[in-house]
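Residue numbers (the working numbering): 112 to 253. See below for the structure under consideration.
What follows is the structure, given as structure tokens:
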């Protein structure tokens with residue numbers, strides 16, 4: 112069994128999280144400049160088995176896709192084309208940045224550290240991936 116990779120895609124930088132090999136829990140991996148993201152993913156897959164990639168799908172409160180989907184959709188299409196053997200799933204990422212900020216505050220992180228947007232992105236990727244894991248664990252077996 113391989114890992115699941117979670118991605119909080121941003122125009123400048125992207126948060127990346129991965130599960131353990133048993134796909135039980137997700138943890139921060141890193142934040143990378145978005146222009147290097149594809150190569151980072153390929154390099155990581157060269158070292159670790161990845162069974163699936165989950166990309167955060169930003170939506171508005173009414174459930175409609177947000178404006179940033181125009182940047183994410185081309186990336187997802189390229190990912191599917193360049194890595195055709197790895198399923199790519201989009202998963203609702205509503206409020207993940209807000210939840211990431213709250214987690215940092217609740218965890219006692221200093222205000223100066225909370226300003227580091229790369230930390231927020233990595234935590235948001237972890238939240239997306241953990242939410243995704245919860246959703247698949249909570250599906251009834253058919």
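Glycine included, each C-beta is placed from N, C-alpha and C at the ideal position.
(message) DSSP three-state label for residue 190, please.
(response) For the purposes of this step, residue 190 is taken as the residue at position 79 of the chain shown. Three-state result, residue 190: helix.
(message) Please classify residue 182 as buried or exposed, where buried requires at least 16 other C-beta atoms within 10 Å of its C-beta.
(response) By 1-based counting over the chain shown, the position of residue 182 is 71. The residue is exposed, with fewer than 16 neighbouring Cβ atoms inside 10 Å.
(request) Please state if the CB of residue 243 and the CB of residue 117 are separated by a distance shorter than 9 Å. (result) Translated into positions along the chain shown, residue 117 becomes position 6. Translated into positions along the chain shown, residue 243 becomes position 132. Result yes, Cβ atoms of residue 117 and residue 243 sit closer than 9 Å.
(request) Might you give, ordered along the chain, the residues of its own chain that have their beta carbon closer than 8 Å to the beta carbon of residue 143, omitting 5 neighbours on each side? (result) By 1-based counting over the chain shown, the position of residue 143 is 32. Here the set comprises 124, 125, 127 and 151.
(message) Can you check which of these residues, 171, 189 and 115, is closest to residue 146 by C-alpha distance?
(response) Start at 1 with the first residue of the chain shown, and residue 146 comes out as number 35. Looking at the Cα atoms, 189 is the closest of the given residues.
(request) In angstroms with no decimal places, state the Cα-to-Cα distance between residue 149 and residue 180. (result) Here residue 149 refers to the residue found at position 38 when the chain shown is read from its first residue. Here residue 180 refers to the residue found at position 69 when the chain shown is read from its first residue. Distance between the alpha carbons of residue 149 and residue 180 is about 17 Å.
(request) With a threshold of 16 other CB atoms inside 10 Å of the CB of residue 253, please say whether the residue is buried or exposed. (result) Here residue 253 refers to the residue found at position 142 when the chain shown is read from its first residue. Residue placement at residue 253 is poorly supported in this model, since its pLDDT is 46, which falls under 50; the coordinates still yield a value, given next. Label assigned to residue 253: exposed.
(message) Using DSSP's beta-bridge definition, name the partner residues of residue 235.
(response) Numbered from 1 along the chain shown, position 124 holds the residue referred to as residue 235. BP columns for residue 235 are empty, so no partner.
(request) Under 8 Å by Cβ, that's how I've got residue 119 and residue 167 pegged, so tell me the actual separation to the nearest angstrom. (result) The residue you call residue 119 lines up with position 8 of the chain shown. The residue you call residue 167 lines up with position 56 of the chain shown. Right, their Cβ atoms sit about 5 Å apart.
(message) According to DSSP, is residue 156 part of a helix, a strand, or is it coil?
(response) What you label residue 156 is simply residue 45 of the chain shown in a count that begins at 1. Residue 156: helix per DSSP, three-state reduction.
(message) Looking at the secondary structure, which residues open and close the beta strand (DSSP E) in which residue 139 lies?
(response) Position 28 of the chain shown, counting from 1, holds the residue named residue 139. Its beta strand (DSSP E) spans residues 137-144.
(message) If you measure between the beta carbons of residue 204 and residue 169, is that distance less than 9 Å?
(response) Within the chain shown, numbered from 1, the residue matching residue 204 stands at position 93. Within the chain shown, numbered from 1, the residue matching residue 169 stands at position 58. Contact: yes.
(message) Using a 10 Å radius around the Cβ and a threshold of 16 neighbouring Cβ atoms, would you call residue 131 buried or exposed?
(response) As a first step, residue 131 is located in the chain shown; it is residue number 20 there, counting from the start. Classification for residue 131: exposed.
(message) Between which residues of its own chain and residue 232 is the CB-CB distance below 7 Å, once the five residues before and five after are set aside?
(response) Mapped onto the chain shown, residue 232 falls at position 121. Within the same chain, residue 232 has close Cβ partners 119, 121, 124, 125, 126 and 142.
(message) Relative to the C-alpha of residue 202, which candidate in 171, 185, 115 and 240 has its C-alpha closest?
(response) On the chain shown, position 91 is the one that residue 202 refers to. When only C-alpha atoms are compared, the closest one is 240.
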